[in-house]
Structures are given as structure tokens and as C-alpha cells.
Amino acid sequence: MSRQSLGLRALPLPLPPAPLQLLPLLLLLLPLAAARQPEVYYATAYWIPSEKSIKVKHVMDKSGDAYGYYNDSMETTGWSILEIRAGYGAQALSNEIIMFVAGFLEGYLTAPHMNDHFINLYPQLIKKPSLVDKVKDFMERQNHWTRKNIKEFKNDSFWRHTGYIVAQMDGLYVGAMKRAMAEGTKPMTMFQIQFLNAVGDLLDLIPSFSPTKSNNMKVFKRWDMGHCSALIKVLPGFENIFFAHSSWYTYAAMLRIYKHWDFNIKDNDTSSSRLSFSSYPGYWPSYNIPFHEKIYNWSGYQLLVQKLGLDYSYDLAPRAKIFRRDQGKVTDMASMKYILRYNNYKKDPYSKGDPCNTICCREDLNSVNPSPGGCYDTKVSDIYLASQYTAYAISGPTVQGGLPVFRWNRFNTTLHQGMPEAYNFDFITMKPVLKIDIK
């Protein structure tokens with residue numbers, strides 16, 4: 091289901107002539123596929139202190155308070171790419187205003203996909219209309235409590251930084267509203283923005299709002315609640331450190347944006363104001379079963395093991411056994427990519443014929459009640475690439491070993507607005523490009 095089919099296709103922002111120094115680098119981000127060419131949107135945000143408002147121009151201006159681009163290449167790579175620099179302009183701004191302006195520009199540039207993402211995820215989480223008011227009430231109380239503590243504990247580094255994040259979210263809301271007003275579309279509400287930022291928490295909160303007397307553990311969905319696979323691999327001679335992560339969840343969440351943020355925050359307690367990450371965000375492997383005993387017990391995994399067997403134990407879960415068996419084969423970037431996309435469920439004895447008893451789950455291939463969920467991206471880097479904020483990323487369910495390409499036509503009842511109809515992409519390089527001296 092595409093945005094065009096629902097009549098919600100965003101009007102393209104006007105593109106200015108690209109700065110000559112920046113254009114070659116941006117073109118490197120554009121894939122060669124010709125199905126639907128990517129669109130790159132530029133914008134600069136200017137904070138107006140006297141009006142406490144923001145003006146937007148469709149140019150790249152380093153004297154502005156936030157500037158950046160959005161490369162909408164979802165159809166050709168499975169990713170969109172956002173890069174924003176904020177706080178490096180002509181006027182000095184507080185940290186809170188820098189974060190607000192950065193959030194504003196992100197909301198302005200990505201508003202159509204934000205709306206798509208909400209439309210896709212809302213029915214995945216809110217399955218009973220009676221839950222909506224409970225969720226809204228919780229969010230309102232949480233929002234009030236958070237903002238109250240930000241005001242009361244300004245000298246506390248935790249709450250000060252929480253204030254920065256809240257300012258960024260406020261900017262996200264205002265920026266998305268500005269884009270909607272410019273295009274004559276309905277703006278997203280603050281609840282919708284908060285909802286998108288609370289998905290991870292709502293997975294736990296929503297069941298608590300409607301507890302059932304007879305919870306059936308057999309419907310425990312590994313791809314639904316057990317979100318990811320990750321591996322950190324130190325080479326034997328300490329020549330390199332590789333790290334990688336594969337996201338698991340419903341494929342309805344497969345609208346992916348890779349973000350590069352560079353915010354000029356001046357706070358002694360800020361570890362880093364520059365980040366590059368996929369926004370949905372050992373040999374110590376992670377496969378969603380807690381390592382620490384207290385957390386393992388508090389999370390109820392002892393009960394799961396008693397009821398469902400050793401597949402839910404930390405040491406004997408299928409992913410634990412596969413990682414333990416195969417991590418020694420990781421010697422370079424290619425082998426690291428391979429293990430994080432690994433799915434040989436038909437032949438691997440640890441998988442027992444289950445397409446989710448593996449590193450990169452494909453629940454859509456389950457022979458009994460298949461559903462569109464599982465592992466839908468992988469990001470890989472090493473210590474040298476990471477120092478340049480660079481990684482390799484791939485979007486979509488794994489096709490390793492000849493597995494079929496995932497296509498939405500088998501699951502059209504699941505909303506997937508704004509997504510490609512088929513996912514058969516390769517790894518692409520994610521690297522920020524705005525460090526150059528634009529004019």
C-alpha cells in the first residue's frame with residue numbers, strides 16, 4: 091500500500107540549486123535503481139528570538155540555526171537518510187533552543203513518513219478502542235511529571251538532559267505541524283508524536299491496562315516482544331572490533347530512517363552531541379533474554395522456561411547456541427554481515443524448522459499462521475568505521491541462502507503505508523556528509 095494509493099502523497103519541497111561542494115557527496119547517497127528516483131529535500135531553520143518562532147527556507151545555509159537534508163530513497167534502498175546540524179549558526183542559542191530547532195527541522199523534513207509510521211503502527215498496538223483513553227491518560231500524567239521534574243531539578247544532569255530531549259520532541263511536533271500547514275494537510279497531534287516515541291514502553295504498558303485472567307504463554311511472540319539480535323566481536327589479535335545489530339518487530343514498523351545528528355550542545359555532562367544511528371535504534375551477544383540473574387528473574391523468564399522449555403533460557407535459547415557455535419567464524423566485515431543476516435531454519439538443527447529460531451527471524455515464512463514480523467534490518471560497523479560515524483546497513487527481511495523476497499501482497503491487511511511493495515535490497519554505506527564547508 092503506497093502513499094499514492096491513499097491520496098496522501100506529500101508535495102515535494104522545492105529544491106534549490108545544490109551547493110557545488112555538497113552535491114557530489116549527496117549524489118553518492120542516491121542508488122542507481124531507476125524504479126522511482128530518490129528525492130532529496132534541503133532546508134534551513136532560523137530561530138527568531140523576538141517572536142519565539144522559526145522561519146524555514148529551502149536552502150542549505152550554515153549560518154542558519156539548523157540545516158540539513160532528507161534523502162527519501164525508501165523505494166530504492168529501503169532507507170531514507172536524514173542529516174541535521176544545529177547550533178553552529180550566526181547567533182548563540184541555549185542548549186534547549188538548539189534542540190528545539192533541530193527537532194523542528196526533523197519534523198518539517200520527515201512529517202509525511204512520521205504520519206505514515208503512525209498510521210502503520212497504531213493498529214498494531216491499539217487493538218481495543220477502550221484502551222485509547224487509558225494510554226492517553228498515562229501519557230498526559232507522564233508528560234506532566236517529566237516537565238515538572240525538568241523545572242524543579244535544573245541542576246541535575248539527568249533532568250537537564252531530559253529537558254533537552256523534551257525540547258527536541260516539542261520541536262518535532264511544531265515542525266511537523268508547519269509542514270502540514272504548508273501543504274494543507276491535517277497536522278499530527280502531540281499524542282501521536284508521543285505515541286511514536288513510546289512504542290517500546292507501550293509494548294509493556296498496554297497489556298497492563300487490560301490484564302487477562304488466563305494469559306496463554308504459548309502465544310508469546312518472539313518477534314513481537316523480543317526485539318533484536320546483536321553481536322560484538324573482538325578479533326583474537328585485537329586487530330579490530332566488529333559490532334552489529336538486527337532489529338526485530340512487526341514489519342509494519344519497517345519504515346526506516348538512518349539519522350546523522352550533529353548538535354552543538356555545550357554541557358560538561360554531555361557525552362556526545364554527535365550521533366549516527368538507525369532511528370528505530372560481547373562476544374557478549376544480545377538476543378533479548380537477560381544475562382543478569384536479577385533482571386532475568388524479574389522479567390519472568392524462570393516461569394517461561396518452566397512452562398515453555400529451554401528455548402527461553404539465556405544459555406540454551408536457539409540464538410544463544412547459534413551465536414556460540416558460529417561467532418568464531420567472524421573474521422571480517424563480510425562474515426559479520428553474514429552472521430547477523432543468518433537464517434537457515436530448514437537445515438540448522440538448532441532452529442528445529444522454525445524460521446524464528448535463528449539470528450534473523452522470518453515469521454512470514456512460518457508454515458503455521460505466518461505473519462509479517464521478524465528481523466527487518468541489520469547495521470554493521472567496526473571500531474575504525476565508527477570513528478567516522480560510518481556503518482553498513484540493509485533494510486528488509488533476510489533473503490540469505492535463497493529465502494524468498496518478502497512481498498506485501500501476501501499480507502495486504504497489515505497497513506504498510508509509504509513502504510516498498512517488495513524488499514530485496516543490499517547493504518549500503520551510511521556516512522554523514524555535512525561536515526564540509528558549505529557556502
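Using my numbering, you'd call the opening residue of the sequence shown number 91 and step up by one each time.
No residue lacks a Cβ here, since even glycine has one placed at the ideal position from N, Cα and C.
Nearest-angstrom Cα distance between residue i and residue j?
| i | j | result |
| --- | --- | --- |
| VAL149 | CYS446 | 46 Å |
| LYS427 | GLY290 | 26 Å |
| THR448 | HIS234 | 42 Å |
| ASN306 | SER457 | Note that ASN306 scores a pLDDT of 48, beneath 50, so its modelled location is shaky and nothing firm can be said. |
| LYS521 | SER153 | 23 Å |
| GLY486 | GLU129 | 20 Å |
| ASP260 | ASN354 | 18 Å |
| LYS442 | GLN284 | 40 Å |
| ALA156 | GLY464 | 36 Å |
| THR480 | MET164 | 19 Å |
| SER368 | SER477 | 17 Å |
| ASP227 | SER363 | 33 Å |
| ALA288 | ARG237 | 16 Å |
| ASP472 | ILE412 | 21 Å |
| ALA135 | ILE144 | 6 Å |
| TYR131 | LEU292 | 32 Å |
| ASN245 | ASP359 | 11 Å |
| THR275 | ILE209 | 15 Å |
| LEU321 | TRP338 | 14 Å |
| SER140 | HIS207 | 35 Å |
| ASP223 | ALA176 | 36 Å |
| ASP162 | TYR178 | 25 Å |
| ALA123 | GLN282 | Residue placement at ALA123 is poorly supported in this model, since its pLDDT is 37, which falls under 50; the coordinates still yield a value, given next. Each residue's alpha carbon lies about 34 Å from the other. |
| PRO297 | MET278 | 25 Å |
| HIS203 | GLU173 | 15 Å |
| TYR513 | PRO460 | 17 Å |
| ALA201 | GLU329 | 43 Å |
| ASP422 | GLY508 | 35 Å |
Would you kindly check if the distance between the Cβ of residue j and the Cβ of residue i is under 8 Å?
| i | j | result |
| --- | --- | --- |
| ALA133 | TYR198 | yes |
| MET344 | TYR466 | yes |
| LEU183 | GLY265 | no |
| LYS469 | ALA342 | no |
| VAL146 | LYS268 | yes |
| GLN417 | LYS323 | yes |
| SER170 | TYR159 | no |
| SER361 | HIS350 | no |
| LEU286 | GLY193 | no |
Under the DSSP definition of a beta bridge, which residues are partnered with residue i?
| i | result |
| --- | --- |
| MET344 | DSSP lists no partner for MET344. |
| TRP137 | ILE144 |
| ARG452 | GLY464 |
| CYS318 | SER337 |
| LEU172 | TYR160, LYS349 |
| LYS530 | Not covered by the structure: residue 530. The range shown for the chain is 91 to 529. |
| TYR482 | VAL470, THR519 |
| TYR131 | TYR160 |
| ASP496 | For clarity, residue 496 is Phe in the given sequence; the question names Asp instead. PHE496 is bridged to TYR513. |
Residues in the same chain with beta-carbon distance under 7 Å from residue i, minus the five sequence neighbours each way, listed in chain order, please.
| i | result |
| --- | --- |
| GLY253 | GLU186, ILE240 |
| SER300 | LYS218, LEU221 |
| PHE515 | THR167, GLY168, ILE484, SER485, GLY486 |
| THR519 | THR480, TYR482 |
| PHE248 | none |
| PHE243 | TRP249 |
| ILE188 | ALA176, GLY177, PHE353, ASN354, ILE355 |
| ARG414 | none |
Where does the unbroken beta strand (DSSP E) through residue i begin, and where does it stop?
| i | result |
| --- | --- |
| GLY158 | 156 to 163 |
| ARG364 | 364 to 368 |
| MET520 | 518 to 520 |
Hey, could you find the ends of the alpha helix (DSSP H) residue i is sitting in?
| i | result |
| --- | --- |
| LYS268 | 247 to 273 |
| ALA180 | It is not in any alpha helix (DSSP H) - ALA180 carries neither H nor E in the DSSP assignment. |
| TYR428 | 423 to 430 |
| ASN434 | It is not in any alpha helix (DSSP H) - ASN434 carries neither H nor E in the DSSP assignment. |
| LYS238 | 221 to 242 |
| SER298 | 289 to 299 |
| LEU211 | 185 to 215 |
Apart from the five residues just before and just after residue i, which ones in its own chain have a Cβ nearer than 6 Å to its Cβ?
| i | result |
| --- | --- |
| LYS311 | Low confidence applies here, because LYS311 scores a pLDDT of 48, under 50, leaving its location unreliable; read the following figure in that light. Excluding sequence neighbours, LYS311 sits near nothing in its chain. |
| PHE501 | PRO462 |
| MET229 | GLN284 |
With a CB to CB cut of under 8 Å and the five nearest residues on each side skipped, what residues in its chain are close to residue i?
| i | result |
| --- | --- |
| ARG452 | ASN433, TYR435, PRO445, CYS446, GLY464, CYS465, PRO487, THR488, LEU493, PHE496 |
| CYS450 | SER319, SER336, LEU430, ARG431, TYR432, ASN433, GLY464, CYS465, THR468, PRO487, THR488, GLN490 |
| MET271 | PRO277 |
| ILE216 | VAL222, VAL225, ILE296 |
| SER425 | LYS419 |
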